[in-house]
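> Let me give you the structure first, and then I'll get to my questions.
Protein chains: 2
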Amino acid sequence: MLTQSEENYLKAIFHIQQEVEGGISTSRLAEKLETKAASVTEMIKRLADKKLVDYQKYYGVQLTDMGRKHALLIVRKHRLWEFFLVERLNFNWDEVHEVAEQLEHIKSPKLVEELDIFLGRPEYDPHGDPIPDANGNLPKSPKKRLSQLKTGDHAICKGFNDNSSSFLKFLDKQEIGLDTQIEVIHIESFDESMTVLIDKREVPLSKTASDNIYVEHITVEV
Amino acid sequence: MLTQSEENYLKAIFHIQQEVEGGISTSRLAEKLETKAASVTEMIKRLADKKLVDYQKYYGVQLTDMGRKHALLIVRKHRLWEFFLVERLNFNWDEVHEVAEQLEHIKSPKLVEELDIFLGRPEYDPHGDPIPDANGNLPKSPKKRLSQLKTGDHAICKGFNDNSSSFLKFLDKQEIGLDTQIEVIHIESFDESMTVLIDKREVPLSKTASDNIYVEHITVEV
DNA sequence: ATATATAATTAGGTTTGCCTAAAAATATAA
DNA sequence: TTATATTTTTAGGCAAACCTAATTATATAT
């Protein structure tokens, strides 16, 4: 049985692997987990002993199939609980993360299954992130970053890369949420900031912001 | 902030104090927590340092007001989650204990409050145990043990002292649940076992069983 | 190619929470 | 009351996870 700490390491490795290919460095993991490199080295060795990660000294870690399976279950639980908190308990989407970080470690296969049923087997969490099914399969949608679009493009908001409370509050303020319709009306070449049209309002977005917004690019018949 | 282990000790002390007066012995606590006396002594000292218990070497522990407050919050969370599991997630009442033991340690005041609202501010958990409110007040009902009744008495089942899976399964088999109507039709003097009438069925109950069933004694107009 | 900088690992320590075995205190029985 | 039994505490250890400081590998720059 995995400890909470071991689960957190697996989840962190999984999330970093979603972004970059290849082995993950000790320091990158330490940063993500807000701990020190020495602690990471130690834990990685334990996980390698348990065949949950492949580890080569000085060359980083990668999840094994078993490790990925565990990680996906934790992600599944995290996202189901986030859905529960927002949809049933009136949490705002910027308040759920820390609580879900706790709830994801509850060990009860029946609980996960019954919660999934109770919630109507949702496919996406409140931030638009896909919820893995019981076998670890992710529903995948053809997502792009808003920053990849061109002037004149239309899109529908489908998720966010940064789930920090400050970013989500910023989105709330700009009235940007899941399924919000967006039209790109201008891209400033010098800093790649853009102006988008949302519900007839002109909203300015920095490159940092547009990088963190996932959209589905749609073609509009004129 | 309290660790999970500290919370479990407070809860155990609270539950034992409900049953017997006075200081609680190290060995009694060790038994309840399925650990060793030496470990208990150690933890008790930590809790005493934190002013959560009063402790006198060789004379047992008692909760302080602060300690009781913490214990009641844990009991509140435990029972709210049990209610949730049974009423919303289709758990049977004999399956909820271990999961609730985990869920009770989730730290989020908002979660507790919103869950309470979501569930309709229930007063009793699925076993008939009272759920403390946010201030630690217990709704109290005038409960007796079924074993205290006399032949001919009528009563309504209001709770159980033993929440073990085996006892709850036994109750299920006898079709005894919360609010079940019971009439005592015979008490065997030599072993204090009794025969009760439930929904026109004669059900034999050992003293052990009747000791663990709480009832509200009612007067029937004939 | 060699020196320097950066990153990773090892060494050695801490805290929490558990353990066993020995010692001390209290309770029970002759 | 004194001996015996039981309970409690103390002493000393262990594993999980963390830490800092020192060492060793690897990467970078001259």
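Protein chains in written order, with this note's numbering: chain L, 1 to 222; chain R, 1 to 222. Cβ atoms here follow ideal geometry from the backbone N, Cα and C, with glycine treated the same way.
Any chance the region 78-93 of chain R sits against the region 120-134 of chain R, with 3 or more Cβ pairs inside 8 Å?
Flag = yes, the region 78-93 of chain R and the region 120-134 of chain R touch.
> Spatial neighbours of Gly-60 (chain R) within its chain, please: CB distance less than 6 Å, with the 5 preceding and 5 following residues excluded, ordered by chain position.
As a position in the second sequence, residue 60 (chain R) is number 60, starting the count at 1. Excluding residues within five positions, the ones whose Cβ falls inside 6 Å are Gly-23, Ile-24 and Ser-25.
> So what does DSSP say about Glu-192 (chain R), is it helix, strand or coil?
Within the second sequence, the letter at position 192 stands for residue 192 (chain R). If DSSP states are grouped into helix, strand and coil, Glu-192 (chain R) belongs with coil.
> Got a sec, what are the start and stop residues for the beta strand (DSSP E) Ile-44 (chain L) sits in?
Residue mapping note: residue 44 (chain L) aligns to position 44 of the first sequence, counting from 1. Taken as a continuous stretch (DSSP letters only), Ile-44 (chain L) belongs to no beta strand (DSSP E), being part of the alpha helix (DSSP H) at 37-49.
> Just reading off the alpha helix (DSSP H) that Tyr-59 (chain R) is part of, what are its end residues?
For the purposes of this step, residue 59 (chain R) is identified with residue 59 of the second sequence, where counting begins at 1. From DSSP, Tyr-59 (chain R) is part of no alpha helix (DSSP H); its letter is neither H nor E.
> Run down chain L in chain order and give the residues with a C-beta less than 8 Å from the C-beta of Lys-107 (chain R).
Locating residue 107 (chain R) in the second sequence gives position 107, where the first residue counts as 1. Gln-102, listed in chain order.
> Given that Glu-7 (chain R) touches chain L, what residues does it touch there, using C-beta distances under 9 Å?
Taking the first residue of the second sequence as 1, we reach residue 7 (chain R) at position 7. What Glu-7 (chain R) touches in chain L: nothing, since even the nearest Cβ is about 13 Å away.
> Could you pull the DSSP bridge partners for Glu-183 (chain L) from this structure?
Locating residue 183 (chain L) in the first sequence gives position 183, counting from the first residue. Paired residues: L:His-154 and L:Leu-197.
> By DSSP's criteria, Leu-205 (chain L) is part of a beta bridge. Which residues make up the other side?
Locating residue 205 (chain L) in the first sequence gives position 205, counting from the first residue. DSSP output for Leu-205 (chain L) lists L:Met-194 as bridge partner(s).
> Report the neighbours of Val-215 (chain R) on chain L: residues whose CB is nearer than 8 Å to its CB, in chain order.
The count along the second sequence starts at 1 and reaches residue 215 (chain R) at position 215. None at all; the shortest Cβ gap to chain L is about 31 Å.
> Would you mind telling me which residues of chain L sit closer than 9 Å to Glu-99 (chain R), beta carbon to beta carbon, in chain order?
Stepping through the second sequence from its first residue, residue 99 (chain R) is reached at position 99. Note that residue 99 (chain R) is Val in the sequence shown, not Glu. Simply Ile-106, Lys-107, Ser-108, Lys-110 and Leu-111.
> Taking the alpha helix (DSSP H) that Ile-74 (chain L) belongs to, which residues open and close that run?
Your numbering for residue 74 (chain L) matches position 74 in the first sequence. That run of the alpha helix (DSSP H) goes 65-87.
> Quick check: what's the CA-CA separation for Phe-118 (chain L) versus Arg-88 (chain R)?
For the purposes of this step, residue 118 (chain L) is taken as the residue at position 118 of the first sequence. For the purposes of this step, residue 88 (chain R) is taken as the residue at position 88 of the second sequence. Approximately 7 Å, taken between the alpha carbons.
> What residues match up with Phe-160 (chain L) in a beta bridge as DSSP calls it?
Start at 1 with the first residue of the first sequence, and residue 160 (chain L) comes out as number 160. Answer by DSSP bridge pairing, in chain order: L:Ile-213.
> Asn-163 (chain L) touches chain R at which residues, Cβ-Cβ below 8 Å?
Here residue 163 (chain L) refers to the residue found at position 163 when the first sequence is read from its first residue. The premise fails here: Asn-163 (chain L) is roughly 17 Å from chain R at the closest Cβ pair, so nothing lies under 8 Å.
> Between Val-53 (chain R) and the rest of its own chain, which residues show a CB-CB distance below 7 Å, the 5 nearest in sequence each way excluded?
Numbered from 1 along the second sequence, position 53 holds the residue referred to as residue 53 (chain R). Cβ neighbours of Val-53 (chain R) beyond the five flanking positions: Ile-13, Ile-44, Leu-47, Val-61, Gln-62, Leu-63, Thr-64 and Gly-67.
> Please list, in chain order, all residues of the same chain as Tyr-214 (chain L) whose beta carbon is under 8 Å from its beta carbon, the five residues on each side excluded.
Taking the first sequence and counting its residues from 1, one reaches residue 214 (chain L) at position 214. Excluding residues within five positions, the ones whose Cβ falls inside 8 Å are Gly-128, Lys-143, Lys-144, Arg-145, Leu-146, Cys-157, Lys-158, Gly-159, Phe-160 and Asn-161.
> At a CB-CB cut-off below 7 Å, which residues of chain R make contact with Asn-90 (chain L)?
Counted from its first residue, the first sequence places residue 90 (chain L) at position 90. Under the 7 Å cutoff, chain R gives Glu-114.
> Between which two residues does the alpha helix (DSSP H) holding Lys-140 (chain R) run?
Mapped onto the second sequence, residue 140 (chain R) falls at position 140. From DSSP, Lys-140 (chain R) is part of no alpha helix (DSSP H); its letter is neither H nor E.
> Quick one: give me the first and last residue of the alpha helix (DSSP H) that Ile-106 (chain R) is part of.
Residue 106 (chain R) sits at position 106 when you count from the first residue of the second sequence. Segment: none, Ile-106 (chain R) is in no alpha helix (DSSP H) and carries neither H nor E.
> DSSP on Ile-24 (chain R), reduced to helix/strand/coil?
By one-based count along the second sequence, residue 24 (chain R) stands at place 24. Residue state, collapsed to three classes: strand.
> To the nearest angstrom, report how far apart Gln-102 (chain R) and Leu-72 (chain R) are at their CA atoms.
By one-based count along the second sequence, residue 102 (chain R) stands at place 102. By one-based count along the second sequence, residue 72 (chain R) stands at place 72. Each residue's Cα considered, the two are about 16 Å apart.
> So, for Pro-204 (chain R): in the same chain, excluding its five sequence neighbours on each side, which residues have a beta-carbon less than 6 Å away from its beta-carbon?
Numbered from 1 along the second sequence, position 204 holds the residue referred to as residue 204 (chain R). The residues are Thr-195.
> For the alpha helix (DSSP H) that contains Ala-12 (chain L), what are its first and last residues?
Looking up residue 12 (chain L) in the first sequence gives position 12. Run containing Ala-12 (chain L): 4-19, per the alpha helix (DSSP H) assignment.
> Any idea which residues DSSP pairs Val-53 (chain R) with across the strands?
Taking the first residue of the second sequence as 1, we reach residue 53 (chain R) at position 53. For Val-53 (chain R), which the question treats as bridged, DSSP gives the partners R:Leu-63.
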